[in-house]
Structures are given as structure tokens and as C-alpha cells.
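A quick write-up on the structure given underneath.
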Amino acid sequence: MKPETQRYHEVRFDRREVTGAIGDSITVVPLVVALALLTDVSLPHVLVAFGVFQVVWGVRYGLPISVEPMKALAALAIAGALTYAELALAGLVLGALLLVIGLTGTLARVERWIGEPVIRGVQFAVGLILLQTGVDLALGDPAFALVGVAIAVV
């Protein structure tokens, strides 16, 4: 294992990093835009905070940290299950928790406790929440929904 100080020099910006960033953006940007459109969240602030978070973790650990927990919070806010204040507090608590887990090196132990089935279950639940919200929004404005479907197909 390399010394801690050498980790900062392992960061690279090549085409694999660019394609990975595009892949992340495909899932994150629609969530963030929907969050800004359907709640009181400021789109510029969220994008800046997300970008800073990814760059800091990428430089520190050599790869960006998964944002699945943040996606779950965004889905709950989009569905109306969280107020703006609850979302902000949950984001701060979650960020602090991830920071502590990262600094103490307990991620492997947490991963063993939680396990992949739980992670997949949370991802599935987030998908169902977003599906339900999307259907509700589509039923509220069918013409707009058809335009969205047409854009998605193209």
C-alpha cells in the first residue's frame, strides 16, 4: 500500500474519467434539476456543492464517492416527503457521517454490516418513489408528459 501522501498524485484525468463523469451526470443531473424545479432548492447552489464534493473526494481518495445516499434524499424531497429544512439537515448529517466514515476507515466494516442486498433494496425503493412521482406529475399534465416522452425517445 502506498503512503498516504502519494495518493494525491494518483489522480488522473483521462478519457475513462471523462466517460465516468458523463455516466454519473446522466443519473445525477436529472435528479438535481427535478429537485430544483419541484422544491425550494437553488439549482446553482446544489450544482456547486455537488461539484466541490466530488472533486474533494476524488482528489483525496483517487475516485469519487458514490452519491447513492444523496440520490435517496433528493428522491424523497422530489416526492414531497421532505421539506427544504429537513433535506438540508439530512444532507448535513449524512455529509458529516460520510466524512467520519471516510476519515476513520470504517467503510469496509459498514459495508459488511449493510451488505449489497440492502443497498440494492434502497436503490429499488428510490426508483419506485421517483416512478410514483413521475406518474403523478404526468397525470397532472398529460400534454407536457407526452412532450417529455417524445424527447426521451429521440
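Numbering (our numbering), first residue to last: 113 to 266. We put the beta carbon where it would ideally sit given N, CA and C, even for glycine.
Relative to A191, the option among A255, R127 and T151 whose CA is nearest is T151. A189 sits close to L199, with the two beta carbons spaced by under 7 Å. Excluding residues up to 5 positions away in sequence, L155 lie with their Cβ nearer than 8 Å to the Cβ of V145 in the same chain. Here A250 is near A257, since their CB atoms are less than 7 Å apart. Per DSSP, reduced to three states, the secondary structure at T195 is coil, with no helix or strand assignment.
Remark: C-beta atoms of L147 and A186 approach each other more closely than 7 Å. A residue is called buried once 16 or more other Cβ atoms fall within 10 Å of its Cβ, and V168, having fewer, is exposed.
Per the coordinates, the alpha-carbon of A262 lies some 16 Å from the alpha-carbon of V247. Taking the CA atoms as reference points, T131 sits about 27 Å from L149. For V259, the enclosing alpha helix (DSSP H) stretches over residues P254 to V265. With distances taken between CA atoms, K183 lies nearest to L206 out of L211, L206 and G214. Annotation for V222: I213 place their beta carbon closer than 7 Å to its own, counting only its chain and skipping 5 residues before and after. Counting of Cβ neighbours within 10 angstroms places V164 among the exposed residues, the total staying below 16. Bounds of any alpha helix (DSSP H) do not take in V153, whose DSSP letter is neither H nor E.
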